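J.: Got a structure for you, written out below as structure tokens; questions coming shortly.
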Amino acid sequence: MKNILDPDAVRNFQHLLEKHEKIVLTCHMRPDGDAVGSVLGLWHVLKAIGKDVSVVVPDRVPRSLQFLPGVRQIAVNTQYDPYCARLVNEAGLIIMCDFNTASRQGELAALIQGAQADKVLIDHHRLPEIKCNVMFSFPDMSSTCELVFRLIAACGLYNKVDKAAATCILTGMITDTQNFTVNCNNTEIYEILMRLLEKEVDKKKIVDEALKSTSYNALRLNSFALLERLQIFEKSRCALIVLSKKDLDNFNYQKGDTEGLVNMPLEIRGIVYSIFMREDDDCIKVSTRSKYDFPVCDICSDLFDGGGHLMAAGGEFHGTLQECKDIFIEHIADYDKFLPKKLENLEIN
Numbered sequence: 034m035k036n037i038l039d040p041d042a043v044r045n046f047q048h049l050l051e052k053h054e055k056i057v058l059t060c061h062m063r064p065d066g067d068a069v070g071s072v073l074g075l076w077h078v079l080k081a082i083g084k085d086v087s088v089v090v091p092d093r094v095p096r097s098l099q100f101l102p103g104v105r106q107i108a109v110n111t112q113y114d115p116y117c118a119r120l121v122n123e124a125g126l127i128i129m130c131d132f133n134t135a136s137r138q139g140e141l142a143a144l145i146q147g148a149q150a151d152k153v154l155i156d157h158h159r160l161p162e163i164k165c166n167v168m169f170s171f172p173d174m175s176s177t178c179e180l181v182f183r184l185i186a187a188c189g190l191y192n193k194v195d196k197a198a199a200t201c202i203l204t205g206m207i208t209d210t211q212n213f214t215v216n217c218n219n220t221e222i223y224e225i226l227m228r229l230l231e232k233e234v235d236k237k238k239i240v241d242e243a244l245k246s247t248s249y250n251a252l253r254l255n256s257f258a259l260l261e262r263l264q265i266f267e268k269s270r271c272a273l274i275v276l277s278k279k280d281l282d283n284f285n286y287q288k289g290d291t292e293g294l295v296n297m298p299l300e301i302r303g304i305v306y307s308i309f310m311r312e313d314d315d316c317i318k319v320s321t322r323s324k325y326d327f328p329v330c331d332i333c334s335d336l337f338d339g340g341g342h343l344m345a346a347g348g349e350f351h352g353t354l355q356e357c358k359d360i361f362i363e364h365i366a367d368y369d370k371f372l373p374k375k376l377e378n379l380e381i382n
């Protein structure tokens, strides 16, 4: 495996680890497998070298990730904000994982960005806007967890990766690559997979828990979304799913119930990209996925104050659900220029 990390940045990171005993790890709102896997993977390794380390996240970890070792030790800001504030203010070093802008931390952002601690960013999203002492930013990498593993190895700490840490790191890699089916053209990712499996990680359990398991209500909600709320734009080869707060309430929605829904329309022959809009309490959450290198990240950055990867991005809209949908439909033709010249027939009849 090639060492692609800047040696000076690695040395500076090691210096910060040596300098500070109290460390806080943090990630973005609505944490997914890569966010939780990266902070918990590092948490296990840093604990193994004797650090006083805590994980502080903006809001609750979804049910699909509750199997991860150490998840019950996570401090959730929406539930224990005074405790989280104390941990952050006492920390000498804050390591931020899997986000590129402070806004992705919601109400936790002011606390993290205002802290006097040294800061490190470990992320794989484009155009980072975080002030920090050391930055590891690789937008072409499959996941932040892959980057975390490479950093751990570069620091000579691979021997501190136990089964628990490896489980967390591999979970992030599996969820962000959809079990090694997207964003994994670099063959070195399979070498990292092998190294993690050497730690006796149960890969099947990770796939079953993080990707395949669901609740009765979640299954009904996703079925309803595909049957009643899926709209196809034939000329633009786009699938759109819009779920209102009423729709969610009708199926007793819990956080994480729609995880993976945005990917499902991509299974339709001829569909190039998929948009999912969900009405949350504070905003409209927009998720996008695509095939054929179609840049859904541009849609998210142009229309929904977001961004992400070329074929997997997200954003938020502060307005009504109908306004959010109307804005996208108004501009959908602007992105037809990115469609592949040759496409298979769209089979929707």
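Residues 34 to 382 in the numbering used here are what the sequence shown lists, from first letter to last.
For glycine and all other residues, C-beta sits at the position ideal for the given N, C-alpha and C.
All of these numbers come straight from a predicted model, not from anything done at the bench.
1) Which of the three DSSP states, helix, strand or coil, is assigned to Lys237?
2) Which of helix, strand or coil does DSSP assign to Ile145?
3) Is Ser256 buried or exposed, if buried means 16 or more other CB atoms sit within 10 Å of its CB?
4) Taking just the CA atoms, how far does Pro373 sit from Glu233?
5) Here's the rule I'm using: 16 or more other beta-carbon atoms within 10 Å means buried, otherwise exposed. How should Asp65 be labelled?
6) Could you check the C-alpha separation between Glu267 and Asp369 for me, to the nearest Å?
7) Taking the alpha carbon of Asp173 as the point to measure from, which residue in Asp280, Leu160, Thr200 and Ile185 has its own alpha carbon closest?
8) For Lys318, which of Asp326, Cys333, Ile304 and Pro328 has the nearest alpha-carbon?
9) Quick check on Cys316: does DSSP put it in helix, strand or coil?
10) On the three-state DSSP scale, how would you describe Tyr325?
11) So what does DSSP say about Met227, is it helix, strand or coil?
12) Measuring alpha carbon to alpha carbon, tell me which residue in Leu73, Arg63, Glu377 and Val329 is nearest Pro95.
13) Whole-angstrom Cβ separation of Phe327 and Met344, contact assumed at under 8 Å?
14) Any chance the segment 217-224 sits against the segment 260-275, with 3 or more Cβ pairs inside 8 Å?
15) Under a Cβ-count criterion, where at least 16 other Cβ atoms within 10 Å of its own Cβ denotes burial, should Arg270 be classed as buried or exposed?
16) What residue does the alpha helix (DSSP H) around Ser256 start on, and which one ends it?
17) Under three-state DSSP, which class holds Glu349?
18) Cα separation between Arg183 and Asn36?
19) Excluding the 5 residues preceding and the 5 following Ala150 in the sequence, name in chain order all residues of the same chain whose CB lies nearer than 6 Å to its CB.
20) By DSSP, does Arg28 sit in helix, in strand, or in coil?
21) Between which two residues does the alpha helix (DSSP H) carrying Gly340 extend?
22) Please go through the segment 40-125 and give each complete alpha helix (DSSP H) segment of 4 or more residues, from N-terminal end onward.
23) Alpha carbon to alpha carbon, what distance is there between Ala366 and Leu101?
24) The alpha helix (DSSP H) that contains Leu379, what's its start and end?
25) Just to confirm, are Leu244 and Asn216 a CB contact at a threshold of 8 Å?
26) Let me know if Lys279 comes out buried or exposed under the rule of 16 or more other beta-carbons within 10 Å of its beta-carbon.
27) Within this structure, are the beta carbons of Ala272 and Ser248 separated by less than 8 Å?
28) Pop quiz: Phe169 and Ala42 are said to be a contact at Cβ under 8 Å. What is the actual Cβ separation, rounded to whole angstroms?
29) Where Cys165 and Ser323 are concerned, what is the direct C-alpha to C-alpha distance, given to the nearest angstrom?
30) For the beta strand (DSSP E) containing Val153, list its first residue and its last residue.
31) Identify whether Cys188 lies in helix, strand or coil by the three-state DSSP scheme.
32) Considering only DSSP beta bridges, list what Phe309 is partnered with.
33) By DSSP, does Val181 sit in helix, in strand, or in coil?
34) DSSP state of Met174, grouped into three classes?
35) Count the other CB atoms, across all protein chains shown, that sit within 10 Å of the CB of His48; report buried if there are 16 or more and exposed otherwise.
36) Locate the alpha helix (DSSP H) running through Ala366, then write down its first and last residues.
T.: Taking the structure as given:
1) Residue state, collapsed to three classes: helix.
2) Of the three classes helix, strand and coil, the one that applies to Ile145 here is helix, per DSSP.
3) Its Cβ having fewer than 16 others within 10 Å, Ser256 is exposed.
4) Cα-Cα distance, rounded: 42 Å.
5) By the neighbour-count definition (other C-beta atoms within 10 Å, threshold 16), Asp65 is a buried residue.
6) Distance between the alpha carbons of Glu267 and Asp369: 11 Å.
7) Of Asp280, Leu160, Thr200 and Ile185, the smallest CA-CA separation from Asp173 is found for Leu160.
8) Among Asp326, Cys333, Ile304 and Pro328, the Cα nearest to that of Lys318 belongs to Cys333.
9) DSSP, reduced to helix, strand and coil, places Cys316 outside both helices and strands of the structure shown, so it counts as coil.
10) DSSP places Tyr325 outside both helix and strand once states are collapsed to three, so it counts as coil.
11) Secondary structure at Met227: helix, using DSSP grouped into helix, strand and coil.
12) Comparing Cα-Cα distances from Pro95 to each of Leu73, Arg63, Glu377 and Val329, the minimum goes to Arg63.
13) Yes, they are in contact, since the Cβ atoms of Phe327 and Met344 sit about 7 Å apart, within 8 Å.
14) Result no; under three Cβ-Cβ pairs closer than 8 Å.
15) With 16 or more other Cβ atoms within 10 Å, it is buried.
16) For Ser256, the enclosing alpha helix (DSSP H) begins and ends at Tyr249 to Glu261.
17) DSSP places Glu349 within a strand segment (E or B) once states are collapsed to three.
18) Taking the Cα positions, Arg183 is about 8 Å away from Asn36.
19) Close CB contacts of Ala150 within its chain, under the 6 Å cut and outside five residues either way in sequence, are with Ala124, Gly125, Leu126 and Ile127 (chain order).
20) For the chain, the structure presents residues 34 to 382; residue 28 sits outside this window and is missing.
21) Note, Gly340: premise wrong, no alpha helix (DSSP H); beta strand (DSSP E) at Gly340 to His342.
22) 40-52, 66-81 and 114-123, all fully within the segment 40-125.
23) Computed Cα separation, rounded: 42 Å.
24) Note, Leu379: premise wrong, no alpha helix (DSSP H); not H, not E.
25) Not in contact: Leu244 and Asn216 (Cβ atoms no closer than 8 Å).
26) Lys279 should be labelled exposed.
27) Inclusion of Ala272 and Ser248 in the CB contact set at 8 Å is not warranted, their separation being larger than that value.
28) Contact holds; Cβ gap of about 6 Å.
29) One C-alpha to the other measures close to 32 Å.
30) Per DSSP, Val153 belongs to the beta strand (DSSP E) from Asp151 to Asp156.
31) Three-state DSSP puts Cys188 in coil, outside helix and strand.
32) Secondary-structure assignment with DSSP links Phe309 through a beta bridge to Ile274 and Ser320.
33) Val181: helix per DSSP, three-state reduction.
34) Under the three-state reduction of DSSP output, Met174 falls in the coil class, being neither helix nor strand.
35) Answer is exposed; the Cβ neighbour count stays below 16.
36) No alpha helix (DSSP H) contains Ala366, which DSSP labels as neither H nor E.
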